[in-house]
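Protein sequences, first through last, are from chains A and B.
For the numbering used here, count along the first sequence from 1 and bump the result up by 265.
For the numbering used here, count along the second sequence from 1 and bump the result up by 69.
The block underneath contains the structure these notes are about, expressed in structure tokens.
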Amino acid sequence: DTGVSQDPRHKITKRGQNVTFRCDPISEHNRLYWYRQTLGQGPEFLTYFQNEAQLEKSRLLSDRFSAERPKGSFSTLEIQRTEQGDSAMYLCASSMGGTVRSPLHFGNGTRLTVT
Amino acid sequence: KNEVEQSPQNLTAQEGEFITINCSYSVGISALHWLQQHPGGGIVSLFMLSSGKKKHGRLIATINIQEKHSSLHITASHPRDSAVYICAVNTGTASKLTFGTGTRLQVTL
Numbered sequence: 266d267t268g269v270s271q272d273p274r275h276k277i278t279k280r281g282q283n284v285t286f287r288c289d290p291i292s293e294h295n296r297l298y299w300y301r302q303t304l305g306q307g308p309e310f311l312t313y314f315q316n317e318a319q320l321e322k323s324r325l326l327s328d329r330f331s332a333e334r335p336k337g338s339f340s341t342l343e344i345q346r347t348e349q350g351d352s353a354m355y356l357c358a359s360s361m362g363g364t365v366r367s368p369l370h371f372g373n374g375t376r377l378t379v380t
Numbered sequence: 070k071n072e073v074e075q076s077p078q079n080l081t082a083q084e085g086e087f088i089t090i091n092c093s094y095s096v097g098i099s100a101l102h103w104l105q106q107h108p109g110g111g112i113v114s115l116f117m118l119s120s121g122k123k124k125h126g127r128l129i130a131t132i133n134i135q136e137k138h139s140s141l142h143i144t145a146s147h148p149r150d151s152a153v154y155i156c157a158v159n160t161g162t163a164s165k166l167t168f169g170t171g172t173r174l175q176v177t178l
């Protein structure tokens with residue numbers, strides 16, 4: 266078990282470009298979460314999957330954001346037409362479904378800088 | 070007002086001191102988490118609790134459901150404890166968390 270891994274660790278992009286991040290959860294975890302964290306703030310929920318189904322999306326997730334988990338394993342988060350306000354740390358976490366008390370395991374995040 | 074409030078926002082302590090970080094929440098919860106975040110972003114889960122008290126090494130977490138309050142204590146603090154400590158709560162049916170803004174702890178020699 267290598268934990269939750271995220272790729273890339275850092276991404277610098279120009280405003281208007283599209284970016285895609287990948288998250289590989291712990292293999293037996295069926296729930297996967299995306300959070301966004303800006304400087305000095307706690308993470309904010311973006312969306313979560315149970316297996317391949319996207320069960321909830323935050324209103325923070327504008328139309329420019331899309332997340333997928335096609336086979337119920339890894340997930341991708343795409344941001345289209347990036348804006349400077351998208352600059353943040355994007356965190357992925359996974360957990361075992363079936364109980365609300367299953368602890369979350371976080372990846373190290375992808376830090377996005379939009380110039 | 071945030072649903073999860075932490076205090077203090079910043080804390081500096083000398084090695085060996087006993088440290089307390091507080092968390093108050095305003096919503097009904099099913100569980101409360103204490104997490105540790107080091108520079109670079111990685112988050113580690115320290116505790117998940119829904120009642121009473123838990124202890125792991127030098128760390129102790131308590132929760133009072135009636136008062137909607139939790140505390141994280143660190144005994145015999147050490148510079149390696151320097152990190153941001155975040156309180157988060159489960160408010161729904163899944164493991165989606167609502168986070169506090171964190172307490173930045175710096176332990177000096």
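Glycine included, every Cβ here is placed at the ideal spot set by N, Cα and C.
Computed from a predicted structure; not experimentally measured.
Inset, instruction - Report all residues from its chain with a CB closer than 8 Å to the CB of A:Y313; omit the five preceding and five following residues, and keep chain order. - result: R296, L297, Y298, W299, Q319, L320 and E321, listed in sequence order.
Inset, instruction - Taking all protein chains shown into account, decide if A:I277 is buried (16 or more other Cβ within 10 angstroms of its Cβ) or exposed. - result: A:I277 comes out exposed.
Inset, instruction - Have a look at B:G109, B:I132 and B:I143 and flag the residue whose alpha-carbon is nearest the alpha-carbon of B:H56. - result: Only positions 70 to 178 of chain B appear in this structure, which leaves residue 56 of chain B out of reach.
Inset, instruction - Have a look at A:S359 and A:L326 and give me their C-alpha separation to the nearest angstrom. - result: Using only the alpha carbons, I get a separation of about 19 Å.
Inset, instruction - Identify whether A:Q345 lies in helix, strand or coil by the three-state DSSP scheme. - result: Correct three-state label for A:Q345: coil.
Inset, instruction - Could you tell me which chain A residues have their CB closer than 8 Å to the CB of B:K165, listed as they occur along the chain? - result: Neighbourhood of B:K165 in chain A, by CB distance below 8 Å: Y298, F310, Y313 and E321, in chain order.
Inset, instruction - Along the beta strand (DSSP E) that carries B:H19, what are the first and last residues, could you check? - result: For residue 19 of chain B there is no data in the structure shown, the boundaries of chain B being 70 and 178.
Legend entry - Residue-chain proximity (B:F87, chain A), Cβ-Cβ < 8 Å: Chain A, which has no Cβ nearer than 8 Å to the Cβ of B:F87, makes this no.
Inset, instruction - Just the chain B side, please: which residues come within less than 8 Å of A:N373 by C-beta, in chain order? - result: By Cβ distance, chain B contributes G109, G110 and G111.
Inset, instruction - Kindly indicate the opening and closing residues of the beta strand (DSSP E) around B:E72. - result: Here B:E72 belongs to no beta strand (DSSP E), and DSSP marks it neither H nor E.
Inset, instruction - Using a Cβ cut-off of 8 Å, pull out every chain B residue sitting near A:G307, in sequence order please. - result: V73, I155, A157, F168, G169, T170 and G171, listed in chain order.
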